[in-house]
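A short worksheet on the structure shown next.
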Amino acid sequence: MVCGKKVNGKIAILKRDVNAQQQGIDSEEGDAETFFNRTYSAHQSDLEKRIFRGYDIKKRPVKNASVPTVVDVHWHVIHVSINQKEQTMTLHGHIYMRWYDEYLVWDPKDFAGIHYARVKKWQVWQPKIRVSNSASGLASAFDFSTSAHVIIQMVEKDRAKVEMYPTFSIKVGCMFDFGDFPYDQNKCSVNLFATDTMAEVQLQNLYNIPPTLSFGWEEQKMKRIISDFKILNVSASQFYYGSGNVSKTAPVTGFELGNTWSMLAVNVDFVRHSPYFWSTIVAPTLVCTMFIQVSFFAPTVSLAFVINLMAIYLEFMFLQDITIKIPLYLSKRPSSITLFHILLISNIVSAVFHGVLCALCSTKVPVPLPIRKIYAVKDYVPASWKEEGMVVDYACDTNWTEWTRTARPLAGLAMFVYFVIMFILYLVIVVHLSVIKDETAHALNDNAHRCAVRYPRIRYDYDMTRHYGVNQSNLIACFVLINDPNEKDSHSAHQSNTSANRTA
Numbered sequence: 057m058v059c060g061k062k063v064n065g066k067i068a069i070l071k072r073d074v075n076a077q078q079q080g081i082d083s084e085e086g087d088a089e090t091f092f093n094r095t096y097s098a099h100q101s102d103l104e105k106r107i108f109r110g111y112d113i114k115k116r117p118v119k120n121a122s123v124p125t126v127v128d129v130h131w132h133v134i135h136v137s138i139n140q141k142e143q144t145m146t147l148h149g150h151i152y153m154r155w156y157d158e159y160l161v162w163d164p165k166d167f168a169g170i171h172y173a174r175v176k177k178w179q180v181w182q183p184k185i186r187v188s189n190s191a192s193g194l195a196s197a198f199d200f201s202t203s204a205h206v207i208i209q210m211v212e213k214d215r216a217k218v219e220m221y222p223t224f225s226i227k228v229g230c231m232f233d234f235g236d237f238p239y240d241q242n243k244c245s246v247n248l249f250a251t252d253t254m255a256e257v258q259l260q261n262l263y264n265i266p267p268t269l270s271f272g273w274e275e276q277k278m279k280r281i282i283s284d285f286k287i288l289n290v291s292a293s294q295f296y297y298g299s300g301n302v303s304k305t306a307p308v309t310g311f312e313l314g315n316t317w318s319m320l321a322v323n324v325d326f327v328r329h330s331p332y333f334w335s336t337i338v339a340p341t342l343v344c345t346m347f348i349q350v351s352f353f354a355p356t357v358s359l360a361f362v363i364n365l366m367a368i369y370l371e372f373m374f375l376q377d378i379t380i381k382i383p384l385y386l387s388k389r390p391s392s393i394t395l396f397h398i399l400l401i402s403n404i405v406s407a408v409f410h411g412v413l414c415a416l417c418s419t420k421v422p423v424p425l426p427i428r429k430i431y432a433v434k435d436y437v438p439a440s441w442k443e444e445g446m447v448v449d450y451a452c453d454t455n456w457t458e459w460t461r462t463a464r465p466l467a468g469l470a471m472f473v474y475f476v477i478m479f480i481l482y483l484v485i486v487v488h489l490s491v492i493k494d495e496t497a498h499a500l501n502d503n504a505h506r507c508a509v510r511y512p513r514i515r516y517d518y519d520m521t522r523h524y525g526v527n528q529s530n531l532i533a534c535f536v537l538i539n540d541p542n543e544k545d546s547h548s549a550h551q552s553n554t555s556a557n558r559t560a
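Here it is as structure tokens:
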């Protein structure tokens, strides 16, 4: 039972019953009145003075210099911008980093049970990280924000957990290949590394969890289409650089650790999103094809020649619109452009054919005997189509006008068969590329969608358990078990180790 009275507007504790259980005070020493009347900010101020007294931000937070500092990294991507003309990609978001500090320690009992402290970024030691393929240069200091939240959590007696999550806006150079336009699929990476060797600082992906994406909120949380591209997948990988070589095998010996740097990569896979491709490219192609076919069945050769010239003019206009949309770097000519080029060449050949016939019809030059055999096709024309009294005489019929009436429909029929074959081949190629793209997208997004359904509340949390109550082991199991059912045993072992560590 606690008895007390007001003194100067404050409640002073006078006496506590001997048998009463102590609440809020972990030690019997000290002035209880002073303890209870202090504010939370006062305790925080005293805590900062205590932990930063004699603290050196240039010194690694380990008492044993031979022990490396392990920094866990997780990426949270909120926007991706792809510039196909500059061959660059800009990544925006937050990067979560976590490590343990053996100097920023305190006893929560001495500070009203405070286990967390929020401080400024420049007050604590932090790993020096750089982007190796940054468009701003290797020594750029503008990829990551200079100000960030830093949370210090006292988790063990001899060390504290430090969490920092600065924002980033990283622009990197990429090597895109748009040879399969408009079904081109590309990949670009952001490579992060620590300036210290692995003997001092080691970077690693947090629980091997892939980067989280949030391009929108609520109903737009599954948004993946940005500008002209659709983001298929964003993954993380780890590799090591040493002696001028890049390897995925971690170094073992102390000499190797002293000459190797750990690197993390964020890989963005994307494909072009072109919903208007059929209406902007295929439709004009079909229109020009119809113009070519109509020219062979026009009443006069001069009219057919004019139709061909109009079709060529339209094709050059459409070709200009297409080439404006196509990126500059192409390892090969896209199939859609190849089809359009074939159509343009066919139209030019048709125009030359009708121009020559128009010139020959205005002359008195006889039709050469070898090409007069084309009249033989009239023998296969149905009787109902023949004019009454029609007689075929190869020797006497030397008029170019009569020869043109027979040759032009045959040439138009051959051109029609040629176009049908070309369109069928093009459709086969397009369908094949589309199937490959859909299968790749399905394979890359299947795991993420299934995990999102299983854990719909997951956004981006810095401890992965504290903020949203999502169990780490379950989250890892979602990715591990979906990818490989045989990994159940290893996940069970990981879950047992996690439980043992929490118990300890």
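The sequence shown begins at 57 in the working numbering and counts up by one. Each residue gets a CB set at the ideal place from its N, CA and C atoms; glycine is no exception.
In the DSSP annotation of this structure, the continuous segment of the beta strand (DSSP E) that includes Q294 starts and ends at F285 to G298. A contact is defined here as three or more CB-CB pairs under 8 Å, and the region 378-392 meets this definition with respect to the region 236-254. The three-state secondary structure of I477, taken from DSSP, is helix.
Boundaries around M346 are those of the alpha helix (DSSP H), A339 to F352, since no beta strand (DSSP E) includes it. In this structure the region 295-310 does not touch the region 154-174; the number of beta carbon pairs closer than 8 Å is below three. Between F353 and L375, the gap from beta carbon to beta carbon reaches 8 Å or more. Across the structure, K213 and L103 are spaced so that their CA atoms are roughly 16 Å apart. The Cβ atoms of F249 and M319 lie closer than 8 Å to each other.
For M231, there is no enclosing alpha helix (DSSP H), as DSSP marks it with neither H nor E. The alpha-carbon of I113 is positioned some 29 Å away from that of L147.
The continuous beta strand (DSSP E) containing S245 extends over residues Q241 to A250.
The shortest C-alpha to C-alpha distance from W131 to any of A321, E371 and A98 is the one to A321. Residues of the same chain with a CB within less than 8 Å of the CB of K176, apart from the 5 flanking positions on each side, are S203 and V206 in chain order.
Membership of F361 in the alpha helix (DSSP H) is indicated by the continuous run V357 to K381. For the 8 Å CB-CB criterion, V126 and L269 do not form a contact. In the three-state DSSP reduction, E104 falls in the helix class (H, G or I). Between the alpha carbons of V327 and L288 lies a distance of about 7 Å. Annotation note: the region 120-148 contains the following uninterrupted beta strand (DSSP E) runs of length 3 or greater, listed N- to C-terminal: 125-139.
Using a C-beta cut-off of 8 Å, the region 339-350 makes no contact with the region 309-316, since fewer than three inter-stretch Cβ pairs fall below that distance. Excluding residues up to 5 positions away in sequence, V357, S358 and F361 lie with their Cβ nearer than 6 Å to the Cβ of C414 in the same chain. A check of alpha carbon separations from P266 across V324, Q258 and P222 identifies V324 as the nearest. Cβ atoms of R116 and W181 come within 8 Å of each other, at about 7 Å. Taking the C-beta atoms as reference points, V187 is found no nearer than 8 Å to V129. With contacts defined as CB atoms closer than 8 Å, S192 and F200 fail to qualify as a contacting pair.
Per the coordinates, the alpha-carbon of P426 lies some 17 Å from the alpha-carbon of A467. One thing to note: L313 has its Cβ within 8 Å of the Cβ of M254. Distances from the CA of H99 to each of Y172, Y111, P124 and K119 were compared; the closest alpha carbon is that of Y172.
Sequence-distant partners of V118 (beyond 5 residues in either direction) whose C-beta falls short of 7 Å from its own C-beta, in its chain, are T125 and E158.
Here the alpha carbons of M373 and I401 stand approximately 15 Å from one another.
From the listed residues I368, V211 and R280, the smallest Cα separation to V408 is found for I368.
Within the same chain, Cβ atoms closer than 6 Å to the Cβ of K184 are found at T251, the five residues on either side in sequence being excluded. With distances taken between CA atoms, T460 lies nearest to K429 out of L365, I477, V246 and K429. Residues H132, Y221 and T223 of the same chain have their beta carbon placed closer than 6 Å to that of H150, with the five preceding and five following residues left out of the count. Distance from the CA atom of N264 to the CA atom of E219, rounded to whole angstroms, is 17 Å. Within the DSSP bridge table, the entry for Y172 names Q209 as partners.
Taking C-beta atoms as the reference points, L386 and T341 fail to come closer than 8 Å.
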